[in-house]
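In order, the protein sequence lines correspond to chains C and G. Under the numbering used here, the first residue of the first sequence is numbered 13, with each subsequent residue one higher. Under the numbering used here, the first residue of the second sequence is numbered 13, with each subsequent residue one higher. This report concerns only the one structure given below.
There are 2 protein chains.
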Amino acid sequence: MTNALAVLETLADPTRRAIVERLADGPAAVGELARDLPVTRSAVSQHLQVLKQVGLVFDRAAGTRRIYAVNPEALAVVRAYFDTFWQRSLAAFADAAAQAAADHPTSEDT
Amino acid sequence: MTNALAVLETLADPTRRAIVERLADGPAAVGELARDLPVTRSAVSQHLQVLKQVGLVFDRAAGTRRIYAVNPEALAVVRAYFDTFWQRSLAAFADAAAQAAADHPTSEDT
DNA sequence: ACCGACGGTTAGTCGTAGCTTTCGTTAGCC
DNA sequence: GGCTAACGAAAGCTACGACTAACCGTCGGT
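This is the structure:
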């Protein structure tokens, strides 16, 4: 899937963001992640399910542990979304500035 | 301010995102925005206050109306955030792949 | 000077996301 | 075969965020 909006909403939660930021430095198990966070392992596990559902992370069974890692592609999608979003806003900003200049011109123009 | 995390959390709400996306195509007043949304003007107004607080939009008084417009710089900050975030995840992904290849090599890796 | 359009503010309601607790399951180890 | 560590699942609670409704201020028209 890797929907840009879904990923965006998922990344809004501070705990979930902390998890993904941690995983962006390398794969880790649930226990390791929970050790550095102010929540229980259960909460971390639940967050990981959500993250997995939107395609932000994927897991790999390693004995009794589960190693989670980020999916760069999902982040690339959000990156692209904000890229075009930003450019659109830039164009609108330039238009608005030009409009304002036409409405009440100053010495700055021409 | 234009904090990347604050902007990110603000943009997680669908209604707020719709507002900013609309403003990314050009400035608009509160009434115009509310007309295209399934919520009341009051809700739109409240959202605009939040958006203004994080620096995503700015307003300009025009008689009895208030014209809102996006601040491209705020979006640029989030864009940059995801840019580095994505690159970090890419590096971690490459490392993990190399590690996996070293652990159980196949014919794919020379 | 009145009146209507346009917005911001406040109080209050409702849904839901995030969290903990408890329990069930599976894999490694003695 | 028990025992423990590591997770996931289900249930329940709590707090917060989004929304509406009602009210007040303000600018512009006539």
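A virtual CB, placed ideally from N, CA and C, is assigned to each residue, including glycine. For clarity, every value in this text was computed on a predicted model and none was experimentally measured.
Closer than 7 Å at the beta carbon, the chain G residues around residue i
i	result
C/Ser101	Ala36, Val82, Pro84 and Leu87
C/Ala74	In chain order: nothing, as chain G lies at least about 11 Å away.
Per DSSP, the bridge partner or partners of residue i
i	result
C/Ala41	C/Ile79
C/Phe123	Nothing about residue 123 of chain C can be reported from this structure: the residues present for chain C run from 13 to 122 only.
With 16 other Cβ atoms within 10 Å as the buried cut-off, status of residue i
i	result
G/Ala36	buried
G/Ala106	exposed
G/Ser101	buried
C/Arg47	exposed
C/Thr22	buried
G/Pro84	buried
Given residue i as reference, the closest of the options once Cα atoms are compared
i	options	result
G/Ala74	G/Gln111, G/His59, G/Thr22 and G/Ala40	G/Ala40
C/Asn15	C/Val56, C/Ala55 and C/Leu68	C/Leu68
C/Arg29	G/Val32, G/Ala18, G/Thr52 and G/Ala30	G/Ala18
G/Ala86	C/Phe97, C/Ala86 and C/Val32	C/Phe97
C/Tyr80	C/Leu23, C/Asp25 and C/Gly43	C/Gly43
C/Gly99	G/Pro50, G/Thr27, G/Gln99 and G/Ala92	In the sequence as presented, Gly is not what sits at residue 99 of chain C; that position holds Gln. Considering only alpha carbons, the answer is G/Ala92.
G/Val82	C/Ala24, C/Ala109 and C/Ile31	C/Ala109
G/Val55	G/Val90, G/Asp95 and G/Asp25	The amino acid occupying residue 55 of chain G in the given sequence is Ala; Val does not appear at that position. Measuring from the Cα of G/Ala55, the nearest candidate turns out to be G/Asp25.
Contacts of residue i in chain G (Cβ-Cβ under 9 Å)
i	result
C/Ala104	Leu35, Ala36, Asp37, Gly38, Pro39, Ala81, Val82 and Pro84
Closer than 8 Å at the beta carbon, the chain G residues around residue i
i	result
C/Phe70	Residues of chain G passing the Cβ test: none, with the nearest at roughly 10 Å.
C/Ala108	Gly38, Pro39 and Ala81
Beta-carbon neighbours of residue i, restricted to chain C and to distances below 7 Å
i	result
G/Val90	Phe94
G/Ala16	Simply none; closest approach about 10 Å.
**Asked** Closer than 9 Å, Cβ to any Cβ of chain G: which residues of the segment 20 to 54 of chain C, in chain order?
**Response** Per Cβ criterion, the list reads Leu20, Glu21, Thr22, Leu23, Ala24, Asp25, Pro26, Arg29, Val32, Glu33, Leu35, Ala36, Asp37, Gly38 and Pro39.
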